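Student: Let me give you the structure first, and then I'll get to my questions.
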Amino acid sequence: MSSGLRRTLFAVLAIATIFCSTLTAQAADKITVASVSWTGVTIKSEIAVSVLKSLGYKAENKVFSVPITYTALSTGDADVFFGNWMPSMANIANKFFESGKVIKYVANMPGAKYTLAVPTFCAEAGLKDFSDIAKFGDKLDWKIYGIEPGNDGNMIIQDMIDKNMFGLGKFKLVASSEVAMLSEVQAYAKNHKWIVFLGWAPHSMNERIDMTYLTGSTDETFGGNNGTATVWTNIRKGLEQDNPNVAKLFKNMQFPVSMMNQIMTTVHKDKSIGFTKAGLLWLKANPEMYEKWLDGVTTADSKPGAAAFKAYLDSKV
């Protein structure tokens, strides 16, 4: 091989290496948060995007259904999901965890709630447990209200109906959106009409509606502890290796139920504020939270993370 040809090949290889390194760096600096259209998950996702941007990353929040979220994580089209409610999502999520394509990672909110609920006047009249629902079928118009199609909660409700669990075989699942369902519940409660619906905490519904969670959930439904849930942060396979700094941030991020209830209540009282600003306002008033999140975390160019986020907060709220 001539020296000229060797020099040409060396130059081509050098350019290719630089190009690939640039692409890798760009990929590492771009973080996609997968979200679903639930208030709590949206708030957590938008807060995470703000923190990532303050650290110098290109971050975006993409909204999917729950099944598509797991497909996106498994293919690398999303990096993180803050809304894995367990055990209710087990029927969707476990196969991805078992394959190793999605990492369960860390619990970000223990002590949550996810199960069926009723207006409190219904509970006071005797509808207190899953086994009571069918007794009041006529009052309930033989309907159970869920949220968006494909949601894990809806799947559990439909499975209960299909298998005639608790005598629910005659019932129909009404699939809707979170906003539409809660609007319906509020209207029913105000007019003293009976309704069974999918409820969860944290959420401002717990402040806005005089509601009672039903007992009687089993391991086949919303979990054996009356629907008490743990919410997990899931990440795609390889994120810890590709971007350990961002993975460290995600491991540190905890969202206590009290924090989320306060943010949601702020948004409900003043809808002009929006989820992102409400979250940032809460963090500005509670700096000890973001200081814990950013412990050991740096900016994309290796500067102190907490200082960068504080400056970002000061510029935004």
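Mind the numbering: the sequence shown is residues -27 to -1, 1 to 290 in mature numbering (1 follows the signal peptide of the UniProt record, and there is no 0), read in order.
Glycine included, each C-beta is placed from N, C-alpha and C at the ideal position.
A quick note: this is a predicted structure, and the numbers were derived from the prediction, not measured.
Between which two residues does the beta strand (DSSP E) carrying Val204 extend?
Tutor: Run containing Val204: Thr201 to Arg209, per the beta strand (DSSP E) assignment.
Student: May I have the straight-line CA-CA distance separating Ser10 from Tyr30, to the nearest angstrom?
Tutor: So the two alpha carbons sit approximately 23 Å from each other.
Student: At which residue ranges does the stretch 126 to 185 contain complete beta strand (DSSP E) runs of 3 or more residues, listed in the order of the chain?
Tutor: If we require 3 residues or more, the beta strand (DSSP E) runs fully inside the stretch 126 to 185 come out as 145 to 147 and 170 to 174.
Student: Please confirm whether Tyr87 and Val169 have their CB atoms less than 8 Å apart.
Tutor: Cβ atoms of Tyr87 and Val169: not closer than 8 Å.
Student: With DSSP run on the structure shown, which of helix, strand or coil describes Ser288?
Tutor: Looking at Ser288 - three-state DSSP - the assignment turns out to be helix.
Student: According to the neighbour-count rule (16 or more other Cβ atoms, all chains shown, within 10 Å of its Cβ), is Glu151 buried or exposed?
Tutor: With 16 or more other Cβ atoms within 10 Å, it is buried.
Student: Below 8 Å on the Cβ atoms is my contact criterion, and I expect Asp125 with Ser61 to pass it. Report the Cβ-Cβ distance as a whole number of Å.
Tutor: That belief holds up - the Cβ atoms of Asp125 and Ser61 are roughly 5 Å apart, short of 8 Å.
Student: Report the residue ranges of all beta strand (DSSP E) runs contained in full by the stretch 68 to 132; include only those spanning at least 3 residues, in chain order.
Tutor: Correct list: 75 to 92 and 116 to 118.
Student: Can you give me the Cβ contacts of Ala45 inside the same chain, cut-off strictly under 7 Å, excluding the 5 residues immediately before and after it?
Tutor: Only Ala7, Phe37 and Ala51 meet the Cβ criterion.
Student: Distance cutoff 8 Å, beta carbons only. Does Ser23 sit that close to anything in chain B?
Tutor: Given the protein chain composition of this structure (a single chain), no chain B is represented.
Student: According to the Cβ coordinates, are Thr203 and Ala85 closer than 8 Å?
Tutor: Contact: yes.
Student: Have a look at the DSSP bridge pairing and note the partners of Phe57.
Tutor: First, the residue type needs correcting, since residue 57 is Asn and not Phe in the sequence shown. Partner(s): Trp205.
Student: Among Lys136, Leu171 and Ile134, which has the Cα closest to the Cα of Ser149?
Tutor: Ranking Lys136, Leu171 and Ile134 by Cα distance to Ser149 puts Leu171 first.
Student: If you measure between the beta carbons of residue 328 and His176, is that distance less than 8 Å?
Tutor: This structure cannot settle anything about residue 328, because the visible part of the chain is limited to -27 through 290.
Student: Judging by CA-CA distance, which residue of Lys35, Gly110, Asp192 and Cys95 is the nearest neighbour of residue 294?
Tutor: The question about residue 294 has no answer, for the chain in this structure spans -27 to 290.
Student: For Val36, name the three-state secondary structure that DSSP assigns.
Tutor: Strand, per DSSP.
Student: Are at least three pairs of beta-carbons, each pair with one atom in the stretch 191 to 206 and one in the stretch 58 to 78, less than 8 Å apart?
Tutor: Touching, yes, given that three or more Cβ pairs across the two stretches are closer than 8 Å.
Student: Nearest to Leu89 by CA position, among Lys163, Lys26 and Leu155, is which residue?
Tutor: Nearest option by C-alpha distance: Leu155.
Student: Run through DSSP, which three-state label would Ala66 get?
Tutor: In this structure, Ala66 counts as helix in the three-state DSSP scheme.
Student: Can you have a look at Asp105 and say buried or exposed, based on whether 16 or more other CB atoms are within 10 angstroms of its CB?
Tutor: It counts as buried.
Student: Determine, using beta carbons only, whether Asp102 and Thr188 come nearer to each other than 8 Å.
Tutor: Contact flag set, yes.
Student: Is it buried or exposed, Gly269, if we count other Cβ atoms within 10 angstroms and call 16 or more buried?
Tutor: It is exposed - the Cβ of Gly269 has fewer than 16 other Cβ atoms within 10 Å.
Student: Where does Ala284 land, buried or exposed, given buried means 16+ other C-beta within 10 angstroms?
Tutor: With fewer than 16 Cβ atoms within 10 Å of its Cβ, Ala284 is classed as exposed.
Student: Threshold first: 3 residues or longer. Then list the beta strand (DSSP E) segments lying entirely within the stretch 208 to 237, N to C.
Tutor: Complete beta strand (DSSP E) runs here, min 3: none at all.
Student: On the criterion of 16 or more Cβ atoms from any shown chain inside 10 Å, does Ser72 qualify as buried, or is it exposed?
Tutor: The residue in question, Ser72, is exposed, as its Cβ has fewer than 16 Cβ neighbours within 10 Å.
Student: For residue 292, count neighbouring Cβ atoms within 10 angstroms of its own Cβ and tell me buried if that reaches 16, exposed if not.
Tutor: Residue 292 is absent from the model: the chain starts at -27 and stops at 290.
Student: May I have the straight-line CA-CA distance separating Thr15 from Phe248, to the nearest angstrom?
Tutor: Whole-angstrom Cα-Cα distance: 7 Å.
Student: For Ala160, count neighbouring Cβ atoms within 10 angstroms of its own Cβ and tell me buried if that reaches 16, exposed if not.
Tutor: The residue is exposed, with fewer than 16 neighbouring Cβ atoms inside 10 Å.
Student: In this structure, how does DSSP classify Ala273 when only helix, strand and coil are distinguished?
Tutor: If DSSP states are grouped into helix, strand and coil, Ala273 belongs with coil.
Student: Using the Cβ count rule (16 or more neighbours within 10 Å means buried), how would you classify Glu193?
Tutor: Counting Cβ neighbours within 10 Å, Glu193 comes out exposed, since fewer than 16 surround it.
Student: Starting from Ala258, trace the alpha helix (DSSP H) both ways and give me its first and last residue.
Tutor: Run containing Ala258: Gly247 to Ala258, per the alpha helix (DSSP H) assignment.
Student: When DSSP builds the beta bridges, which residues end up paired with Ile4?
Tutor: BP columns for Ile4 point to Ala32.
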